[in-house]
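Be aware that the sequence shown starts at 1127, since it is given in the numbering used here, and climbs by one per residue.
Ideal Cβ placement from N, Cα and C applies to all residues, glycine included.
These figures come from a predicted structure and were not determined experimentally.
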Amino acid sequence: MLKFSRNIFIALLVLFLVLTLVACGNKQEGEKKSEPIVIKFSHVVAETTPKGQAALKFKELAEQKTGGKVKVEVYPSSQLFGDKEELEALIANNVQFIAPSVTKLVGLNPQFQIVDIPFLFKSEEAALKFYQGPEGQKLLKSLEDKGIIGLAWWPNGAKHFTNSKRPLRRPEDFKGLKFRTQSGGVLEEQFKLLGAGSQTIPFGEVYTALQNKTVDGQENTFNNIDTQKYAEVQKYLTVSGHGRLDYVVLTNKTFWDSLPEDIKKALEEALAEATEYEIKLSTELNQKSMENLKKSGKLEFYYLTPQDREAFIKVFEPLYKKYEPIIGKEIMDAARNAE
1127 MLKFSRNIFI
1137 ALLVLFLVLT
1147 LVACGNKQEG
1157 EKKSEPIVIK
1167 FSHVVAETTP
1177 KGQAALKFKE
1187 LAEQKTGGKV
1197 KVEVYPSSQL
1207 FGDKEELEAL
1217 IANNVQFIAP
1227 SVTKLVGLNP
1237 QFQIVDIPFL
1247 FKSEEAALKF
1257 YQGPEGQKLL
1267 KSLEDKGIIG
1277 LAWWPNGAKH
1287 FTNSKRPLRR
1297 PEDFKGLKFR
1307 TQSGGVLEEQ
1317 FKLLGAGSQT
1327 IPFGEVYTAL
1337 QNKTVDGQEN
1347 TFNNIDTQKY
1357 AEVQKYLTVS
1367 GHGRLDYVVL
1377 TNKTFWDSLP
1387 EDIKKALEEA
1397 LAEATEYEIK
1407 LSTELNQKSM
1417 ENLKKSGKLE
1427 FYYLTPQDRE
1437 AFIKVFEPLY
1447 KKYEPIIGKE
1457 IMDAARNAE
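Rendered as structure tokens:
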């Protein structure tokens, strides 16, 4: 009888252990399934910029709309990857979202040089209308064969010239100066036609290059000029609005295609709201930064007149003729005619 009871006890103990292990295994599996999808969002500018703020807004909305099924980790100011590395990192799926300057994409599709063509867009409203129109959307979706999906345009504003040497009022004032540029043939051609030199320098290194006189000047939005403290190492600002410094939000195609449809939909909704926020914020912050720069008294402002603008357009005629076949007449006309 004792032996029989002992056997029953052992059997019950074994059963208890098996059930415990199964329960633990199920619990671990459940915990594993509930782990959020991590999206690493890398960018190169400060959190205080429109892009920086919009990235944080996307994080907030994405996590909220997915009920915590997605976790967005935002890495600003080149903390994770710099200008040169972030695109490669995206293609390798080492990050899942980036929002590079449009100019960074010209190596993948030269049509993205549309934003660099000087004096092409009439206004902020015209640029936004182009991006949201058929030609802009077609361009946004043009990188899928490279393993990249374009999700949104994030307009950042028009570019203006700064330098440390002299006021820049007419094309001849640029002669002999050297400017920092992003990569791209249009920008090199732009300064060449003005009789100036250019050097490609990563965004995070521009302040030092200006401080050390590696270059005399640069071109940027009011907000970037303000938040990057270029007024400390520059003397003159020409309000030219000659080109664009806008961004595109990109994701890795393999990563995006792997997402459940409900997660994709939630992320698209989050990004749409973040984009509206970014557009509104970029306008407000550029205006505020322009006022900050004026109040600082560190920069001498010059506003191009209509006559000045026409003088620049005349100098750039060879550039327009050269790049229209590369970018495409339809795209150029769509940008030029946007109101």
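Query - Spatial neighbours of G1156 in its chain, beta-carbon cut-off 7 Å, leaving aside the 5 residues before and after - result: Its pLDDT being 44, under 50, G1156 is placed unreliably by the model, and the measurement read from it follows with that caveat. Same-chain partners within the cutoff: there are none.
**Report entry** L1376, enclosing beta strand (DSSP E) - first and last residue
**Finding:** 1373-1378
Query raised in the report: Can the beta-carbon of L1303 be found closer than 8 Å to that of K1291?
Result: yes
Query raised in the report: Can you tell me whether Y1449 is buried or exposed, with buried defined as 16 or more other CB within 10 angstroms of its CB?
Result: buried
**Report entry** Inter-residue Cα distance where the pair is K1447 and L1294
**Finding:** 25 Å
Requested in this report: Rank L1397, A1400, T1377 by C-alpha distance to the C-alpha of S1268 and give the top, closest one.
Outcome: T1377
Query raised in the report: Which residues in the same chain have their Cβ closer than 6 Å to the Cβ of D1342, if we skip the five residues on either side of it in sequence?
Result: N1289, S1290, K1291, L1303, K1304
Report task. Using beta-carbon positions only, say whether N1282 and K1420 come within less than 8 Å of one another. Result -> no
Query - With 16 other Cβ atoms within 10 Å as the buried cut-off, status of Y1429 - result: exposed
Query raised in the report: Cβ atoms of H1286 and S1366: under 8 Å apart, would you say?
Result: yes
**Report entry** the region 1253-1273 touching the region 1334-1349, judged by at least three CB pairs closer than 8 Å
**Finding:** no
Query raised in the report: Near A1172, which residues of its chain fall below 8 Å by C-beta distance, leaving aside the five closest residues on each side in sequence?
Result: G1178, P1202, S1203, T1353, Q1354
Query raised in the report: Once you ignore the five residues that flank L1182 on each side, which residues in its own chain have a CB closer than 8 Å to its CB?
Result: E1173, V1200
Query raised in the report: Are there 16 or more other CB atoms within 10 angstroms of the CB of V1164, so buried, or fewer, so exposed?
Result: exposed
Query - Where V1332 sits in the DSSP three-state scheme - result: helix
Query raised in the report: So which of F1256, E1395, A1253, I1243 has the shortest CA-CA distance to F1442?
Result: I1243
Query - Cβ-Cβ separation, Q1325 to R1306 (assumed contact under 8 Å), whole Å - result: 6 Å
Query raised in the report: Quick one: what's N1350 bridged to in DSSP?
Result: DSSP, once it has assigned bridges, lists no residue as partnering N1350.
Requested in this report: Spatial neighbours of G1323 within its chain, please: CB distance less than 6 Å, with the 5 preceding and 5 following residues excluded, ordered by chain position.
Outcome: K1304
**Report entry** Sequence-distant residues of the same chain with beta carbon closer than 6 Å to K1361, five excluded per side
**Finding:** S1290
Query raised in the report: Could you check where the beta strand (DSSP E) with R1306 kicks off and where it finishes?
Result: 1304-1307
Report task. State the Cα-Cα distance for the pair D1434 and K1185, rounded to the nearest angstrom. Result -> 43 Å
Report task. Hey, could you find the ends of the beta strand (DSSP E) T1175 is sitting in? Result -> Run containing T1175: none; DSSP gives neither H nor E here.
Query raised in the report: Hey, quick one: how far does the alpha helix (DSSP H) through E1480 stretch, first residue to last?
Result: Since the first residue of the chain shown is 1127 and the last is 1465, residue 1480 is not available in this structure.
Report task. Alpha carbon to alpha carbon, how far is E1314 from I1327? Give it in angstroms, no decimals. Result -> 13 Å
Query raised in the report: Do Q1237 and G1369 come within 8 Å of each other at the CB atom, strictly closer than that value?
Result: no
Report task. Could you check the C-alpha separation between N1412 and E1345 for me, to the nearest Å? Result -> 14 Å
Query raised in the report: Roughly how many angstroms separate the alpha carbons of I1457 and S1249, rounded to a whole number?
Result: 17 Å
Query raised in the report: Below 8 Å between beta carbons: does that hold for F1167 and F1256?
Result: no
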